[in-house]
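Okay, structure first, notes after.
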Amino acid sequence: MGLKHRLSGGECISGFEQAREDRVLDALTCALDQRNFAACYLFGYAVEMMLKCAYFRFAGVEPYADIGPHRAQARRQQARLRQTEHDLRAWAEALVEERNNRGRALDPGLAGAFLHHVLTIADHWSEVLRYHPSIPADSEAAEMCNQIDELQKLYPLLWN
Amino acid sequence: MARKRIPARPRHSHPELVNILAEELRKEGVSSTPEIPTIYEEELPYGAGLHVKVIWSRWGKVPLEERGAIILDAYEQAGMGQERKRILVAMGLTPDEAQRLQMA
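If you're matching them up, the sequences are chains P and B in order.
Residue 5 is where the first sequence starts when you use our numbering, and the numbers rise one by one after that.
Residue 13 is where the second sequence starts when you use our numbering, and the numbers rise one by one after that.
The following block contains the structure:
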């Protein structure tokens, strides 16, 4: 049976959270091997999964529920999510807005730091990196690694 | 086993920046030098919230998590409690960061 048929976890929060940890480890392995462009590519997806998990956890989606229908609902509610699935800034802003709409706004200073971290990562990353030959990205990989470390500290606060 | 508990950091340790920023908030007019903070108060399209961005060269050595707390304290100190209550996002950026992240 082919690899894609043996995947487990599925498109659910729990699966995404485990996948996020795996992609961060994969990225760190690449960085240690001086493959920093690949590290950046993987770091970006890890952040994308973190933002989606925070958004859906806050929305009350169960950890093992299929997030497909919830993703469609999020796109209906949040115009900024309709452009692309992979827009980190859009997911971060959507989370901030959703919290405001539900009367559970983040601390404003925390929201500012959160958006700052995400925007810094988004400045380096897009899913289209995969279509380009690798270029030197030592400082970018280091910066993304630091920013992800900070975001991971904030993660529980984003959805609790 | 060595076990160490690291206490939570204070919200910030820069009262001098709060003082300067509060003074600037009390002033009218627009500044354009990096030493003077440029304050953007963006009305958010939903609710009655404000997204405040303070672009200032003095943020350089201040951790991101502390910048927002400094901004909020400055609004309080400047007697702008009403505006403070409307702030939903408080973000401090250096001029370089603002340019790079297209936030200016």
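The beta carbon of each residue, even a glycine, is placed where N, CA and C say it ideally should be.
Point to revise | Pro208/P: contacting residues in chain B (beta-carbon distance under 7 Å) | key: In the structure as shown, chain P begins at 5 and stops at 164. Residue 208/P is therefore absent and cannot be evaluated.
**Study point:** Cut-off 6 Å between Cβ atoms - residues of its own chain near Val101/B, not counting five sequence neighbours on either side
**Key:** His63
Practice item. Note down the Cα distance separating Gln82/P from Pro75/B, rounded to an integer number of angstroms. Key: 31 Å
**Study point:** Through-space distance from Leu123/P to Trp129/P, alpha-carbon basis
**Key:** 10 Å
Review point. Going along the chain, which residues of its own chain have a beta-carbon closer than 8 Å to the beta-carbon of Ala63/P, five neighbours each way excluded?
Key: His74, Ala78, Glu102
**Study point:** Boundaries of the alpha helix (DSSP H) in which Lys157/P is found, first to last residue
**Key:** 142-163
Check your understanding: How big is the Cα-Cα spacing for Cys34/P and Arg15/B?
Key -> 31 Å
Review point. Taking buried to mean at least 16 other C-beta atoms within 10 Å of its own C-beta, is Glu54/B buried or exposed?
Key: It counts as exposed.
Point to revise | At least three beta-carbon pairs within less than 8 Å, the region 71-89 of chain B to the region 102-118 of chain P | key: yes
Check your understanding: Hey, how far is the Cα of Glu88/B from the Cα of Ala31/P?
Key -> 43 Å
Check your understanding: Using a C-beta to C-beta distance shorter than 7 Å, which residues of chain B count as neighbours of Gly127/P?
Key -> What sits at residue 127/P in the sequence shown is Asp, not Gly. Within chain B, the residues near Asp127/P are Arg112, Leu113.
Review point. Hey, does Glu77/B have any beta-carbon neighbour from chain P nearer than 8 Å?
Key: yes
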